[in-house]
Amino acid sequence: MPATIDVAEPSSSAKGKAVIVAAPHPAKWKKGTAIIDFVLRLGAIASALAAAATMGTSDESLPFFTQFFQFEASYDDMPTFQFFLIGMAFVSGYLVLSLPFSIVAIVRPHAVGIRLFLIIMDTVALTLATSAGAAAAAIVYLAHNGNSSSNWLAICNQFTDFCQKVSGAVVAAFVCVVCIVFLILISAVALRRH
Numbered sequence: 001m002p003a004t005i006d007v008a009e010p011s012s013s014a015k016g017k018a019v020i021v022a023a024p025h026p027a028k029w030k031k032g033t034a035i036i037d038f039v040l041r042l043g044a045i046a047s048a049l050a051a052a053a054t055m056g057t058s059d060e061s062l063p064f065f066t067q068f069f070q071f072e073a074s075y076d077d078m079p080t081f082q083f084f085l086i087g088m089a090f091v092s093g094y095l096v097l098s099l100p101f102s103i104v105a106i107v108r109p110h111a112v113g114i115r116l117f118l119i120i121m122d123t124v125a126l127t128l129a130t131s132a133g134a135a136a137a138a139i140v141y142l143a144h145n146g147n148s149s150s151n152w153l154a155i156c157n158q159f160t161d162f163c164q165k166v167s168g169a170v171v172a173a174f175v176c177v178v179c180i181v182f183l184i185l186i187s188a189v190a191l192r193r194h
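When we follow UniProt numbering, the leftmost residue of the sequence shown carries the number 1, and every step to the right adds one.
Spelled out as structure tokens, the structure:
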């Protein structure tokens, strides 16, 4: 974007002086978006790791008559929760590996290839995080409310700690999804301005 120079009308006190108004420097704007990109990546990493760790540690046992016969609820009892844990672990791993590319985008704000790579990989990570979070949210809904037409009982009345942990993991996953959406939008705006 070229800088503009506005010349003010000469007045009686400022005869022969010109006023120069420059447009914001595009490199500073791109560097600012790259810094926001880095901070959002850190937030997405924190929420993805929190989602995976919370799901991985969610289990609860209820005694039934004796200590030797117990009911147990654990994330590994349901393939959907296993998919959630693996998916969020992959997303957090990708986000950690993308940090050096984000740092390079801060140092070299005009590098188009890095932004293009990040926007493509962020879209893949968004797809994985959204599908894992949505699948787990469906199971959490069934755990809370059940389904009378299929005779699935709500288990959250008995397994309250388990349900709180898996619900928290799903919320953390969707926080990660929102962060990744903003990462994609920032990269798209930065590429559009190039």
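Glycine included, C-beta positions come from ideal geometry on N, C-alpha and C.
Residue environment for V140: buried (at least 16 other C-beta atoms within 10 angstroms of its C-beta).
In the three-state reduction of the DSSP assignment, A73 falls in the strand class.
Between the alpha carbons of L118 and A48 lies a gap of roughly 17 Å. For the options V112, C179 and D76, the alpha carbon positioned closest to that of R41 is the one of C179. For N145, the uninterrupted alpha helix (DSSP H) segment begins and ends at V112 to N145. In terms of CA proximity to T160, D59 leads the group P109, D59 and D37.
Inclusion of A129 and A172 in the CB contact set at 8 Å is not warranted, their separation being larger than that value. Burial check for I120: the Cβ neighbour count within 10 Å stays below 16, so the residue is exposed. Across the structure, A132 and H144 are spaced so that their CA atoms are roughly 18 Å apart. Annotated as distal: A44 and L85, with beta-carbon spacing of 8 Å or more.
D59 has S74 as its beta-bridge partners, per DSSP. By the 16-neighbour rule on beta-carbons within 10 angstroms, T33 is buried. At the C-beta level, I35 and I106 come within 8 Å of one another. Here K31 is actually not in contact with P100; their C-beta atoms are around 17 Å apart, not less than 8 Å. Taking C-beta atoms under 8 Å as the contact rule, T80 and A136 qualify, at a distance of about 6 Å. If you check the CB distance, L126 and V177 come in under 8 Å.
By the CB criterion at 8 Å, S92 and D37 fall outside the cutoff.
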